[in-house]
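In this note's numbering, the protein residues as written are 100 to 148.
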């Protein structure tokens, strides 16, 4: 019983991990895209710093 339960928990954690990493990757891509847009909109601010 316990071994089967642990296996089920591990499978669910693997699925959650895959979904979490996919969301994390998309969020990182979105942040980089927003940074590029900001640098295009106002390049003067980035040059001053």
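For every residue, glycine included, the Cβ atom is placed at its ideal position computed from N, Cα and C.
Distance, residue j Cα to residue i Cα
i: residue 108; j: residue 122; result: 21 angstroms
i: residue 105; j: residue 120; result: 22 angstroms
i: residue 116; j: residue 127; result: 16 angstroms
i: residue 133; j: residue 140; result: 10 angstroms
i: residue 137; j: residue 129; result: 12 angstroms
i: residue 131; j: residue 142; result: 15 angstroms
i: residue 118; j: residue 101; result: 26 angstroms
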